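Notes follow the structure.
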Amino acid sequence: MRQPALFGPAAWSVAELTRYIRQRLEGDELLQDVWVSGEISNFKRATSGHLYFTLKDSAAALQCVIWRSTAQRIRLELQNGLAVDAHGAITLYERDGSYQLIVSSLRLAGEGQLYLEFMRLKAELEAEGLFDPSRKRPIPERPRRIGIVTSATGAALQDMLNTLANRYRLAEVVVAPAAVQGVEAPPQITAALGALQRLSPLPDVILVARGGGSLEDLWAFNDERVVRAVANCAVPVISGVGHETDFTLTDFAADLRAPTPTGAAVAAVPPQSDMQYELAGLWQRAEIALLTRMQGERAALDEAAQRMSWASPLRRVQMERQALDRLVERRERAAQQTLALRRVHVQGLEKRLAGVNPLAVLQRGYAWVSDAHGHLVRSVGQVQAGERVEVRVADGTFGAQVSTPPRPAQGSPKETE
Amino acid sequence: MKKNPVDIESMTYEQAYAELEQVVAALEGDQSALEESLALFERGQALARRCALLLDQAELRVRQLRVELGTLETGEED
């Protein structure tokens, strides 16, 4: 009794419980997208740029925050006592344990009427089918001519032209200027759209755009004339009106809704780098195709060359030539052998000839004797004592006389002086 | 590039790119004689150069219409 049960349920930490509550709040669909009406009090502008105030009515109060990024878009001059409709999401600031509304947009309380009018027209045009998804035309991927309907002096035009110039420079941009706020805006926007549709050639796409502003500033784009002109435009329309969170009926009627003018320009054209990649890819295919082709041809050529070298008459000619060469060689060798034989034979003959040369006998010291009539003396009977004879030796002749009567046989048959 | 059907230098990006696509398809189809393929490749090369040049050098052209209300007549000025 005096102390809690020792094993009772475990206690949550404050942080845990707070986080749980926060998750419950942030998980609630209604609380994350709610309009709330009240009067501003305790308005504070922090040095960070965030705005803090309390929204009050006679019975209750709600802490509100407008983050700096949102605050920059809000055109209303906020001050204590101002009656507004605030739109946003409920969250819980854990450190203080207090819930608060994170405001995403604000309008004057009277704008609720405009909103009702907006809803009425939206329902009517919707019923007519003007916003049907089936009416949406695809945005051409690469427009050659881009029409722009916007204020000639607004930052939106510069933003769009810069974006187009940075992304894609292959198009021609035709600007049809129009007032984009005030009573003159709807007829001017409609006329500008008409002028663009009379161009020849027609633009491939038309951007209808306006920079951010208050709900009244953007109201021209909820004008029935403008909405119908956009819906009936002969070429696809991209709308880029206000900021991300602003929706106009023009957005519903357009073929594509972009969050901002810059977004519309982005949606209208591809990034040029894509085209460079694409071009490079295509060219690579060409190179690969040719390379493959060349390799194929070369392989076929090699194979053909191989086959041809086996079957070719050239090869046969070469073989025959080789055989012929061998034949010639053999014959030459044979001829040379014959020649050598002959040479030997001739040499033998020469030798034999030399052997029978009578002069060669003289070389060896023999002499021959002839009588007065020149007859060779072969027998003792041919000469008589006292008879003159002539003696021939290797290098010449001399005369001689037979001194003794010739005697037949034994001994030397001749006598010489 | 003897036999240019269209002068590449005067082609728009779309024209050059479209023909380049045809050239590549023909090269990939591999039906033509080798000499023709080489000629095709050369033409493709010129087309690709033209495309790249256009991408690199193109300037965004901007002109402004003068829209008149009532008559809805338009005058054009650069």
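In order, the protein sequences belong to chains V and A.
Residues in the first sequence are numbered consecutively from 1, following the UniProt record's numbering.
Residues in the second sequence are numbered consecutively from 1, following the UniProt record's numbering.
Every residue gets a Cβ at the ideal spot worked out from N, C-alpha and C, and that includes glycine.
Computed from a predicted structure; not experimentally measured.
inquiry  = In the DSSP assignment, the alpha helix (DSSP H) including V:TYR99 goes from what residue to what residue?
reply    = Where V:TYR99 is concerned, there is no enclosing alpha helix (DSSP H), although the beta strand (DSSP E) it sits in stretches over 98 to 108.
Beta-bridge partners of V:ARG120, as assigned by DSSP = The partner list for V:ARG120 (beta bridge, DSSP) is empty, contrary to what the question assumes.
key: V:ASN166, enclosing alpha helix (DSSP H) - first and last residue   = 155 to 167
ask   = Contact between the stretch 210 to 229 of chain V and the stretch 162 to 173 of chain V: three or more CB pairs below 8 angstroms?
value = no
key: Paired residues, beta bridge with V:PRO133 - DSSP   = DSSP output for V:PRO133 lists no bridge partner at all.
message = Please report the distance separating the alpha-carbon of V:ASP85 from that of V:ARG24.
response = 24 angstroms
inquiry  = Taking 8 angstroms as the threshold (beta carbon to beta carbon), is V:LEU207 in contact with chain A?
reply    = no
task = Note the first and the last residue of the continuous alpha helix (DSSP H) segment covering residue 419 of chain V.
result = Residue coverage of chain V in this structure runs from 1 to 417, which leaves residue 419 of chain V outside it and unanswerable.
Own chain residues within Cβ distance below 7 angstroms of A:LEU11, not counting five before or after = Position check: residue 11 of chain A holds Met in this sequence, whereas Leu was assumed. Closer than 7 angstroms at the Cβ level, and outside the excluded window around A:MET11, lie ARG50.
ask   = What does V:MET275 reach in chain A if we use C-beta pairs closer than 7 angstroms?
value = LEU55
Element boundaries [alpha helix (DSSP H), containing residue 470 of chain V] = Residue 470 of chain V is absent from the structure shown; chain V starts at 1 and stops at 417.
task = Report, in whole angstroms, the separation of the C-beta atoms of V:LEU130 and V:ALA253, which I expect to be a contact under 8 angstroms.
result = 6 angstroms
inquiry  = Taking the alpha-carbon of A:LEU27 as reference, which of V:ALA335, V:TRP310, V:VAL344, V:GLN284 has the nearest alpha-carbon?
reply    = V:GLN284
inquiry  = At the 8 angstroms Cβ level, is A:GLN22 part of the contact set with chain V, yes or no?
reply    = no
request  = Could you name the residues that DSSP lists as bridge partners for V:TRP35?
outcome  = V:HIS87
task = Throw me the rounded Cβ distance for the V:GLY213 and V:GLY242 pair, which I believe falls under 8 angstroms.
result = 6 angstroms
ask   = Within 10 angstroms of its Cβ, does V:THR292 collect 16 or more other Cβ (buried), or is it exposed?
value = exposed
query = Going by alpha carbons, who is nearest to V:PRO177 out of V:ALA155, V:GLN347, V:LEU164?
reply = V:ALA155
task = Determine whether the Cβ of A:ARG50 lies closer than 8 angstroms to any Cβ atom of chain V.
result = no
inquiry  = Between A:GLU59 and chain V, is the shortest Cβ-Cβ distance under 8 angstroms, so that the two count as touching?
reply    = yes
query = How close, in whole Å, do the beta carbons of V:LEU199 and V:VAL174 come, if the pair is a contact with beta carbons under 8 angstroms?
reply = 6 angstroms
query = Rounded to a whole number of angstroms, what is the C-alpha to C-alpha distance between V:ALA267 and V:ALA231?
reply = 18 angstroms
inquiry  = So that I know if they touch, is there some Cβ in chain V lying closer than 8 angstroms to that of A:GLU77?
reply    = At A:GLU77 the pLDDT is 41, less than 50, meaning the model places this residue with poor confidence; the figure from the coordinates comes in the next sentence. Not one chain V Cβ lies under 8 angstroms of A:GLU77.
inquiry  = Please tell me whether A:ARG63 has its Cβ less than 8 angstroms away from any Cβ of chain V.
reply    = yes
query = Quick check: the stretch 69 to 89 of chain V against the stretch 43 to 55 of chain V, are there 3 or more CB pairs under 8 angstroms?
reply = yes
ask   = Of all the CB atoms in chain A, is at least one closer than 8 angstroms to the CB of residue 502 of chain V?
value = Given that chain V is displayed from residue 1 to residue 417, the structure contains no residue 502 of chain V and the question cannot be resolved.
request  = Would you kindly check if the distance between the Cβ of V:ALA89 and the Cβ of V:ILE102 is under 8 angstroms?
outcome  = yes
inquiry  = Looking at A:LEU55: is its Cβ nearer than 8 angstroms to the Cβ of A:GLU19?
reply    = no
inquiry  = Taking 8 angstroms as the threshold (beta carbon to beta carbon), is V:LEU202 in contact with chain A?
reply    = no
Neighbouring residues, chain A, relative to V:ARG15 (Cβ below 8 angstroms) = Reading the sequence as shown, one finds Ala at residue 15 of chain V and not Arg. Ordered by position in chain A, no residue passes the 8 angstroms Cβ test against V:ALA15, which lies about 55 angstroms from the chain.
ask   = Using 8 angstroms as the Cβ pair cut-off and three pairs as the minimum, do the stretch 104 to 121 of chain V and the stretch 191 to 205 of chain V touch?
value = no
Alpha carbon of V:GLY348 to alpha carbon of V:LEU339, nearest angstrom = 14 angstroms
task = Taking C-beta pairs closer than 8 angstroms, name the residues in chain A that V:LEU301 reaches, listed in chain order.
result = Going along chain A, no residue has its Cβ under 8 angstroms from V:LEU301, so there is no contact; the nearest lies around 10 angstroms.
request  = At 9 angstroms on the CB atoms, spell out the chain A contacts of V:GLN306, in chain order.
outcome  = Going along chain A, no residue has its Cβ under 9 angstroms from V:GLN306, so there is no contact; the nearest lies around 19 angstroms.
message = For a cutoff of 8 angstroms on Cβ pairs, would you count A:THR74 as touching chain V?
response = Any reading at A:THR74 must be qualified, since the residue scores a pLDDT of 44, below 50, and its modelled position is unreliable; no value is offered.
message = What does the alpha-carbon distance come out to for the pair V:VAL36 and V:HIS87?
response = 6 angstroms
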